Amino acid sequence: MWENLYTFCQNRHTEALHLVLDAMQRHLEDSTLQIAGSASLFYIIRKVSMNRDTKRMVVTALLDGMDAHMEEQVMVRNCCLSLCQFEIPLEILFDYGRVARLLVAVLQHHNSDHLTQRIVVFLLNSMACHVEGEQKVQVGNIGAIEVSISGIFFVFA
């Protein structure tokens, strides 16, 4: 009985995941839907076992929403918290440069939100410390170090 219940619930989470992804892709311009979708993804992806393609779809939906609604603090925080649930940098390597660019943009646009700042610095640090060569240089070239340091000075000023 418990196995059947588990299977049923697991299937519903997977179905919910794909419904949320579809809605976020179809209504990228709707910030309210993107905020609700990104919050839903935060909870759903913890319950669903995803293959590589599904993980990429989730990461892409989060990045698209963050890119389209960078001014929405809640949206950005939801996306960053959801990204923390992935194995960084392994599961974001397919779009490494875009992730790094968007995270630096978050540091620049949301410098008064200390929680989001800490999450972003954690993500950038995870990205830079666990890669070699071109990708490590990429994080530096987009100004991640300078923006992070200026954020630290802003907090203590």
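Heads up: the sequence shown begins at 1 in the UniProt record's numbering, then just goes up one per residue. Here a beta-carbon is modelled for each residue, glycine too, at the ideal position from N, C-alpha and C. Just so it is clear, the structure is predicted and the values come from calculations on it, not from any experiment.
Exposed unless 16 or more other CB atoms sit within 10 angstroms - verdict on residue i
{"i": "V20", "result": "buried"}
{"i": "H114", "result": "exposed"}
{"i": "E72", "result": "buried"}
{"i": "L90", "result": "exposed"}
{"i": "F94", "result": "exposed"}
{"i": "Q34", "result": "buried"}
{"i": "L17", "result": "buried"}
{"i": "C129", "result": "exposed"}
Alpha carbon of residue i to alpha carbon of residue j, nearest angstrom
{"i": "L83", "j": "A23", "result": "19 Å"}
{"i": "L28", "j": "M127", "result": "26 Å"}
{"i": "V58", "j": "L123", "result": "17 Å"}
{"i": "V106", "j": "Q117", "result": "8 Å"}
{"i": "E134", "j": "G97", "result": "10 Å"}
{"i": "F42", "j": "L102", "result": "18 Å"}
{"i": "H69", "j": "K55", "result": "21 Å"}
{"i": "L62", "j": "I92", "result": "11 Å"}
{"i": "F8", "j": "S49", "result": "Unreliable positioning characterises F8 in this predicted model, as indicated by a pLDDT of 47, which lies under 50. A coordinate reading is not provided."}
{"i": "R52", "j": "N111", "result": "33 Å"}
{"i": "V131", "j": "N125", "result": "10 Å"}
{"i": "I44", "j": "Q85", "result": "11 Å"}
{"i": "H109", "j": "L81", "result": "17 Å"}
CA nearest to the CA of residue i, picked from the options
{"i": "R46", "options": "E91, Y96, M66, H13", "result": "H13"}
{"i": "I119", "options": "R77, A61, L41", "result": "R77"}
{"i": "G65", "options": "E134, S31, Y43", "result": "S31"}
{"i": "A100", "options": "D67, R52, L41, K55", "result": "D67"}
{"i": "Q25", "options": "F86, T60, N111", "result": "T60"}
{"i": "I88", "options": "V121, G37, V74, S38", "result": "V121"}
Three-way DSSP call (helix, strand, coil) for residue i in this model
{"i": "F156", "result": "Only weak support exists for where F156 lies, its pLDDT of 48 falling under 50; the value from the coordinates is given anyway. DSSP places F156 in helix when its eight states are reduced to three."}
{"i": "M50", "result": "coil"}
{"i": "Q85", "result": "coil"}
{"i": "N78", "result": "helix"}
{"i": "M1", "result": "A caution first: M1 carries a pLDDT of 40, below 50, which makes its placement in the model too unreliable to give a value."}
{"i": "I45", "result": "coil"}
{"i": "G97", "result": "helix"}
Chain C contact for residue i (CB, 9 Å cutoff)
{"i": "S126", "result": "The structure shown has no chain C; it contains just one protein chain."}
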